[in-house]
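Chemist: With this note's numbering applied, the sequence shown corresponds to residues 4 to 141, in that order.
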Amino acid sequence: GATPQQNNVFRSYRYGPNYEAFEGRDLTPSAPLEGLSSFECDLYPEQGGTSTLENVPSDLSIQAYPNPASTNVHLVHNEPGIWKVFNGRGSLVLTIEVQDASSTLVDCTEWPTGVYVASFQPFLLGSKPSTLTVSISH
């Protein structure tokens, strides 16, 4: 529904109070953003009944070669995850799910000449995506 009272189901990732991005910030709850709240919500309950995300160290490494490419490009990754490639207008041109750390060969013969953005999102919860540019020249 359109009203906040009908939108009671949502999913969000939580970060623990010691997450480095919160350092020096006031995390005290304030008034509801919309309407009046009819329930209480403890952000960090005493009993630890919820899970939180901690800082996840990642040694993510991605590469693309040859760059520029004309017929094929190798997308190299050292973790399982999802590659997404976008053209210069922001349209998604390729999605590939990879289950291991390796190199993925992509046929780019049908792609128009231009610059593309390749984004890799690791499956590891809390990991941030990494991006690089790939030039296609025929």
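No residue lacks a Cβ here, since even glycine has one placed at the ideal position from N, Cα and C.
Rank Phe89, Val76 and Asn21 by C-alpha distance to the C-alpha of Thr98 and give the top, closest one.
Modeler: Locating residue 98 in the sequence shown gives position 95, where the first residue counts as 1. If we check each option's Cα against that of Thr98, Phe89 comes out closest.
Chemist: Put Ala104 into one of helix, strand or coil per three-state DSSP.
Modeler: To locate residue 104, count along the sequence shown from 1; it is residue 101. Correct three-state label for Ala104: coil.
Chemist: Span of the beta strand (DSSP E) holding Ser133?
Modeler: Counted from its first residue, the sequence shown places residue 133 at position 130. Run containing Ser133: Ser133 to Ile139, per the beta strand (DSSP E) assignment.
Chemist: On the criterion of 16 or more Cβ atoms from any shown chain inside 10 Å, does Gly84 qualify as buried, or is it exposed?
Modeler: Here the question's residue 84 lines up with position 81 in the sequence shown. Flag for Gly84 reads buried.
Chemist: Smallest Cα separation from Arg121: which of Gly91, Tyr22 and Glu37?
Modeler: The residue you call residue 121 lines up with position 118 of the sequence shown. The sequence given here places Ala at residue 121; Arg does not occur at that position. Closest option to Ala121, Cα to Cα, is Gly91.
Chemist: State buried or exposed for Phe123, treating a residue as buried only when at least 16 other CB atoms are found within 10 Å of its CB.
Modeler: The sequence position of residue 123 within the sequence shown is 120, counting from 1. Under this definition Phe123 is a buried residue.
Chemist: What is the rounded straight-line gap between the Cα of Val101 and the Cα of Ser140?
Modeler: If you number the sequence shown from 1, residue 101 lands on position 98. If you number the sequence shown from 1, residue 140 lands on position 137. Those two C-alpha atoms are separated by around 26 Å.
Chemist: Do Leu108 and Asn75 come within 8 Å of each other at the CB atom, strictly closer than that value?
Modeler: Indexing the sequence shown from 1 puts residue 75 at position 72. Indexing the sequence shown from 1 puts residue 108 at position 105. Yes, they are a contact pair.
Chemist: Just the Cα atoms here: how many angstroms apart are Asp110 and Thr134?
Modeler: Numbered from its first residue, the sequence shown carries residue 110 at position 107. Numbered from its first residue, the sequence shown carries residue 134 at position 131. Between Asp110 and Thr134, the C-alpha separation is close to 19 Å.
Chemist: One question on the structure: do Ala106 and Asn81 come within less than 8 Å of each other, judged by their Cβ atoms?
Modeler: Position 103 of the sequence shown, counted from the first residue, corresponds to residue 106. Position 78 of the sequence shown, counted from the first residue, corresponds to residue 81. What sits at residue 106 in the sequence shown is Ser, not Ala. No.
Chemist: Rounded to whole angstroms, what's the CA-CA distance from Lys131 to Ala104? Just pull it up for me.
Modeler: Position 128 of the sequence shown, counted from the start, is the residue given in the question as residue 131. Position 101 of the sequence shown, counted from the start, is the residue given in the question as residue 104. Answer to the nearest angstrom: the Cα atoms are 17 Å apart.
Chemist: Can you give, in chain order, each stretch of the alpha helix (DSSP H) that sits fully within the stretch 63-105 and has at least 4 residues?
Modeler: If we require 4 residues or more, the stretch 63-105 turns out to have no alpha helix (DSSP H) run fully inside it.
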